[in-house]
Amino acid sequence: MNEREKIQENLKAIGQALPQGVRLCAVTKYHTVEETQDVIDCGVTILGENKVQDLLKKMEVITAPVDWHFIGHLQTNKVKYLIGRVALIESVDSLKVLKKIQTESAKHDVVTPVLIQYNLTGEDQKYGFDEDQTRDWLSAMADCPNVRVRGIMGMGPHTEDDAQIRKVFHRLHTIYDKISSSTDQDNVAMQILSMGMSHDYPIAVEEGANLVRIGSKIFS
Ligand SMILES: *Cc1c(COP(=O)(O)O)cnc(C)c1O
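Next up, the structure:
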């Protein structure tokens, strides 16, 4: 099997494992333009990158009409490069970044769709909001008319223990529902619950994810 056929096989298997209504964000970070183009040629329409520089480089040469999602930690000084370019910033992990996205979006007179990233794993190398910071970003959104929160994103803990992973995904879903039923702000709508990666996406789907972010499984 050549590279292209392998990607095609893997995507087929992933597609069969995803129920209707669960979308795939193919994470192409660490992979070349050619491999990324292979993924697109297999019918994938949402691509995820975690480095601004890599994303911009790929956007320059890949002309297919795909939705680019930014999924990595975003430094405030790089926010400006994404505004008006990406379909979704999945990784808003601080009020500082949120406010910067507002400022830059207002400058360009656009509304930028984002997800709020939560970190419920207790692993401190990961970025993201804590459950009890929900009201902080919600109240900040009152001053962010150029940002639209479309849901939340989170990762499972680094463990082999499925029960631990499930617990975190379950809590993310609970937070998602709670925000959904408690806010009536125009620029906050819970539509996207982004959780699950190559090793844990079946659990995430069982716990209600409607967007999964899968990388290594596509290329392995
Ligand atoms: C790399 C990455 C993924 C994909 O991880 P895989 O294990 O390769 O599937 C998903 N989400 C984020 C935020 C990532 O950085």
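In the numbering used here, the protein residues as written are 210 to 429. Glycine included, each C-beta is placed from N, C-alpha and C at the ideal position.
#1: If we ignore side chains and look at the alpha-carbon of each, how far apart do residue 355 and residue 349 end up?
#2: I need the DSSP call for residue 280, collapsed to helix, strand or coil.
#3: Should the region 356–370 be called in touch with the region 393–407, which here means at least 3 C-beta pairs below 8 Å?
#4: Using 8 Å as the threshold, is the region 249–260 in touch with the region 273–280, meaning 3 or more CB pairs across them?
#5: Which complete beta strand (DSSP E) runs does the region 231–310 hold, if anything under 3 residues is left out?
#6: Measuring alpha carbon to alpha carbon, tell me which of 416, 324 and 243 ends up nearest residue 398.
#7: For ligand 1, is there a heavy atom less than 7 Å away from the beta-carbon of residue 240?
#8: Collect the residues with a C-beta less than 5 Å away from any heavy atom of ligand 1 and give them in sequence order along the chain.
#9: Tell me the DSSP bridge mates of residue 359?
#10: Taking the DSSP output, what are the residues bridged to residue 225?
#11: What do you reckon, are the CB atoms on residue 303 and residue 280 nearer than 8 Å?
#12: Ordered along the chain, which non-local residues of its own chain (more than five positions away) have a Cβ less than 7 Å from that of residue 346?
#13: How is residue 403 classed by DSSP in three states: helix, strand or coil?
#14: Sorted by chain position, which residues of the same chain lie with C-beta nearer than 7 Å to residue 417's C-beta, five sequence neighbours on each side aside?
#15: Can you give me the Cβ contacts of residue 329 inside the same chain, cut-off strictly under 7 Å, excluding the 5 residues immediately before and after it?
#16: Going straight from the alpha carbon of residue 312 to that of residue 210, what length do you get?
#17: From the DSSP secondary-structure annotation, give me the bridge partner or partners of residue 338.
#18: Going by DSSP in three states, residue 413 sits in which element: helix, strand or coil?
Reading it off the structure:
#1: Each residue's Cα considered, the two are about 12 Å apart.
#2: Secondary structure at residue 280: coil, using DSSP grouped into helix, strand and coil.
#3: Between the region 356–370 and the region 393–407, the count of Cβ pairs shorter than 8 Å is three or higher; the stretches touch.
#4: Taking 8 Å as the limit for Cβ pairs, the verdict is that the region 273–280 does touch the region 249–260.
#5: Counting whole runs of 3 or more residues, the region 231–310 contains the beta strand (DSSP E) stretches 232–236, 255–258, 276–279 and 297–301.
#6: Nearest Cα to residue 398 within the set 416, 324 and 243: 324.
#7: Placement of the Cβ of residue 240 at a distance of 7 Å or more from every heavy atom of ligand 1 is found.
#8: The filter returns 236, 259, 280, 406, 407, 422, 423, 424 and 425, in chain order.
#9: None; residue 359 has no bridge partner.
#10: Within the DSSP bridge table, the entry for residue 225 names no partner.
#11: Contact annotation: residue 303 and residue 280 have beta-carbon atoms that are not nearer than 8 Å.
#12: The beta carbon of residue 346 lies closer than 7 Å to those of 304, 307, 325 and 338 in the same chain, with the five residues before and after it left out.
#13: Strand, per DSSP.
#14: Excluding sequence neighbours, residue 417 sits near 382 and 402.
#15: Answer for residue 329: 340, 363, 377, 380 and 381, listed in chain order.
#16: Answer to the nearest angstrom: the Cα atoms are 49 Å apart.
#17: Answer by DSSP bridge pairing, in chain order: 327.
#18: DSSP places residue 413 within a helical segment (H, G or I) once states are collapsed to three.
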